[in-house]
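Numbering (the numbering used here), first residue to last: 598 to 773.
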């Protein structure tokens, strides 16, 4: 190596991570109703009830639930489910949940996704709000009313076996 002060040896330094931060979802169970509330980051999570009745909330792609990757809620049917994913590009999945009460899921004004499958509920309200969103319902049975809203933006709804006594679907540009 030269000791000439005009000689500079080039070096490289790694850049900081450019990952999109995953968020945390706060979960609480009050009088049998499971409340889930997201934060300003991209929340992706799944609420699942097994055939044995075990209810779990599972963070996806780095999202945590009460600061941990997944949270066991308990065994038995919920009295209801209320989800507000808040800000960020969120994905909410509700699988196999059985409740005589309502399922209420609202995402923020970004580009979000909601998937509801294998569900039996007293009522259902899904609102993707603003952004370009996708909503899917598959094998969903509702005893009273169901409302599915795309909100503003360019939204799509894949409707596969949603049964309800009263159904109101609105604000979607594409329905299949």
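Backbone N, C-alpha and C define an ideal beta-carbon position, used for all residues, glycine too.
For residue 726, name the three-state secondary structure that DSSP assigns.
coil
7 Å CB neighbourhood of residue 670 in its chain, flanking five on each side removed:
626, 631, 652, 653, 654
Would you list, in sequence order, the uninterrupted alpha helix (DSSP H) runs of no fewer than 4 residues that lie entirely inside the segment 699-761?
none
Pick from 675, 685, 704: whose alpha carbon is nearest that of residue 716?
675
Just to confirm my understanding: we take residue 683, look at its own chain, exclude 5 residues before and 5 after, and list those with CB closer than 7 Å. What are they?
Once the five neighbours on either side are set aside, the close Cβ partners of residue 683 are 634, 635, 636, 637, 705.
Quick check on the DSSP output: the beta strand (DSSP E) that includes residue 644 runs from which residue to which?
641-646
When the distance is taken between beta carbons, is residue 646 closer than 8 Å to residue 695?
Judged by their CB atoms, residue 695 and residue 646 are nearer to each other than the 8 Å cut-off.
I need the straight-line Cα distance from residue 641 to residue 762, nearest angstrom please.
30 Å
First and last residue of the beta strand (DSSP E) that includes residue 686?
From DSSP, residue 686 is part of no beta strand (DSSP E); its letter is neither H nor E.
Bridge partners for residue 697 per DSSP, in chain order?
Answer is none; residue 697 lacks a bridge partner.
Would you call the CB atoms of residue 719 and residue 741 closer than 8 Å?
yes
Mind checking residue 699: buried by the 16 CB within 10 Å criterion, or exposed?
Buried: at least 16 other Cβ atoms inside 10 Å.
Taking the continuous beta strand (DSSP E) assigned at residue 665, which residues delimit it?
Residue 665 -> no beta strand (DSSP E), and no H or E assigned at all.
Neighbourhood of residue 615 by C-beta distance below 6 Å, restricted to the same chain and skipping five residues each side
Any reading at residue 615 must be qualified, since the residue scores a pLDDT of 48, below 50, and its modelled position is unreliable; the value itself is stated next. Correct list: empty, nothing qualifies.
Helix, strand or coil for residue 633, going by three-state DSSP, please let me know.
Residue 633: strand per DSSP, three-state reduction.
Cβ of residue 620 within 8 Å of Cβ of residue 685?
yes
Skipping 5 residues on each side, what residues in its chain have a beta carbon closer than 8 Å to that of residue 753?
730, 731, 732, 747, 769, 770, 771, 772, 773
Among 660, 624, 736, 679, the one whose alpha carbon lies nearest that of residue 722:
679
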